[in-house]
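S.K.:
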Amino acid sequence: MIHAASLALALAAVWLLLSGHTDFLLLGLGAASVFGVVLIALRMDVVDHEGQPVHMGLRLIAYYPWLGWEIIKANWDVARQIIDPKLPISPTLTSIKSTQRTELGQVMFANSITLTPGTVSVRVLPGEILVHALSKNGADDLVTGRMDRRVSAIEGPEPDSDIGKEPG
Amino acid sequence: MEVANSIIVWASLLTGSLFAVIGGIGVLRLPDVYTRLHGAGITDTMGAGLILFGLAVHEGFTLITVKLVLIFIFLIITSPASSNAVANAAHSSGLRPMLDSDLKNKASSNSGARS
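If you're matching them up, the sequences are chains R and D in order. Residue 7 is where the first sequence starts when you use the numbering used here, and the numbers rise one by one after that. Residue -4 is where the second sequence starts when you use the numbering used here, and the numbers rise one by one after that.
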C-alpha cells in the first residue's frame, strides 16, 4: 500500500509541476488521471519495492551526491586521456564482484558503473559484473569495492535475496 | 548579483559544451566500440549535466527549472541503460574488446613496418 501511495504522490507532483495549473477543474482532472494510472498500475502488478524503492529513502538520497562527485572526478580523468596527443589508454575487461543481495541493488550498481565515465558494465551475472574500463586505473578503482560497498549499504540491513529467482 | 549569476550561467554553458566536444573527439579518436562508449559517456554526464545546470541557474526557481531537472533525471536513468545495451549487444555477438596488450602489439608492429 505504501508503494501505491508513493506512486500517487510522485505522479501528482509531476502532474502539478509540469502543468502549472491551479484552477479547480484542471486539478480535478489531474487527480482523476492520477487515480486512474495508479489503478491500472496496481492491476498490472507493477507497483512494488522495485518501482517505488521507499525502503531506501534517505540512504538513496545521500548516495547521489557521492556518485555525482565520483562522476565529476572520472569525467576529468577520461577527458584528459582523450585530449592527450599520445592517447594513453589501457582498455581492460574485468569481472567485478557485486555484493548486493537484491536485483534492484545490482542494477543500481551496474548503472552507477556505467554512469561513471571510463567504466561500462557489459554483462550482469549473479554476484559479479563484467566491466570494460578505458584505463587500468579505472578498473583498479572498482576492484577495491568502494562503490560496491556504498550501493550494498543503501539496500538496508537485511534484505531478502531475490537474485536468480524467477519474477513472482 | 546579476553579474555573478551571468558568470555562473556562462561558465556552466561553456564548460558543458567543451565537455560535449571532448566526448565527440573521444568517439572519433578511440579505437573500438567499447572504448568509444566511454567518450560518449562524457557527453552524457558532464556535457549535458553542466548545460542543464547553466540553464537552470539562468531560469532561477521557476517551473522551467523543474522541467530541466526532470530532463536531467530521465537522462541519468536512460543513458546508462542504453550504453549497457550497446556494450552487451557487442559482447553477446562475440566482438572481443581491444585490450591493452592488443594496442601495444599494434603499435610495435606499426613501428616495425616503418623502420
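We put the beta carbon where it would ideally sit given N, CA and C, even for glycine. Computed from a prediction, not measured in an experiment: that's the story for all the values here.
#1: Going by beta carbon distance, what residues of the same chain come within less than 7 Å of residue 82/D, once the five residues before and after it are set aside?
#2: At the level of alpha carbons, what is the spacing between residue 158/R and residue 77/D?
#3: State buried or exposed for residue -2/D, treating a residue as buried only when at least 16 other CB atoms are found within 10 Å of its CB.
#4: Would you mind sorting residue 120/R into buried or exposed? The rule is 16 or more other CB atoms within 10 Å of its CB.
#5: For residue 123/R and residue 19/R, I'd like the C-alpha separation in whole angstroms.
#6: Are the region 148 to 157 of chain R and the region 97 to 116 of chain R touching, with three or more C-beta to C-beta distances below 8 Å?
#7: Out of curiosity, what's the CA-to-CA distance linking residue 100/R and residue 142/R?
#8: Do you know how far the Cα of residue 39/R is from the Cα of residue 9/R?
#9: For a contact defined as C-beta to C-beta under 8 Å, what are the partners of residue 96/R on chain D?
#10: Between which residues of its own chain and residue 53/R is the CB-CB distance below 7 Å, once the five residues before and five after are set aside?
#11: At 7 Å on the CB atoms, spell out the chain R contacts of residue 61/D, in chain order.
#12: Extract the residue ranges of the alpha helix (DSSP H) inside the region 60 to 143 of chain R, only unbroken runs of 4 or more that lie entirely within it.
#13: Identify the contact partners of residue 138/R in chain D, using a Cβ-Cβ distance below 7 Å as the criterion.
#14: Ordered along the chain, which non-local residues of its own chain (more than five positions away) have a Cβ less than 8 Å from that of residue 44/R?
M.R.: So, to answer that:
#1: 29 and 32
#2: 24 Å
#3: exposed
#4: buried
#5: 32 Å
#6: yes
#7: 10 Å
#8: 18 Å
#9: 95 and 98
#10: 9, 10, 13 and 47
#11: 23
#12: 63 to 89 and 109 to 121
#13: 29, 82 and 92
#14: 10, 13, 14, 17 and 53
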